[in-house]
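Trainee: In our numbering, the protein residues as written are 134 to 309.
Below you'll find the structure I mean.
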Amino acid sequence: MPKIYKPGKVAIVLQGRQAGKKVVVIKQLDEGTKERPYPHAIVAGIERYPRKVTRRMGTKKVQRRSRVKPFIKTVNYSHLFPTRYALELESLKGAVAAETFKEPTQREDARKNIKKLLEERYQSGKHKWFFQPLRVSNAATTTVFVSDSLGSSVLIVSFISRCRVMTIKLHVPYMS
């Protein structure tokens, strides 16, 4: 089986608190560990993206709006959606290890380090697409109207919301 989640690969989280957020794979563990016996990856992502900046804003306001709130997490492969993109982050590879999650102070230090690295990358203007939230479009909506011989009808609406497929069944009474 080919290795999809290599260090530097960009993915989207599908489940949990950070669902719909972009992440970068820092370390992949295809065989799992003793504590986590399933294939997973250590990822760093952006919990709060930088806000829009215009020319009229002052330097203090630009600095405030250019902040990034990162997170580090261990995520199961089944909760990640790989993209075709990759980031070359040599400095991120050594920032987080498996032992980082054992001690809260180490986790905070790693998060601060990642925040500094991501903000530098954002200020340099590289990979602008990574620092923008995913767009939600209404194009992924499907509506089906099903009627049976007894006269009861069901309206089924499927749409994608925050990277999840939602299905709603509406029972419509028979009308003549």
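Where a beta carbon is used, it is the ideal one built from N, C-alpha and C, also for glycine.
I need the straight-line Cα distance from Ile-137 to Tyr-255, nearest angstrom please.
Mentor: Answer to the nearest angstrom: the Cα atoms are 25 Å apart.
Trainee: Could you name each continuous beta strand (DSSP E) segment of 3 residues or more that falls completely within the stretch 157-238, going from the start of the chain to the end?
Mentor: 173-181, 202-209 and 213-219
Trainee: Between the stretch 204-216 and the stretch 160-180, are three or more C-beta pairs nearer than 8 Å?
Mentor: yes
Trainee: Suppose you measure from the CA of Lys-185 to the CA of Lys-248; what does that come to, to the nearest Å?
Mentor: 18 Å
Trainee: Report the three-state DSSP secondary structure of Lys-136 (helix, strand or coil).
Mentor: coil
Trainee: Express the C-alpha separation of Thr-216 and Ala-231 in angstroms, rounding to a whole number.
Mentor: Their Cα atoms are separated by approximately 24 Å.
Trainee: Given a cut-off of 7 Å, decide if Val-143 and Tyr-218 are closer than it, judged by their beta-carbon atoms.
Mentor: The answer is yes: Cβ separation under 7 Å.
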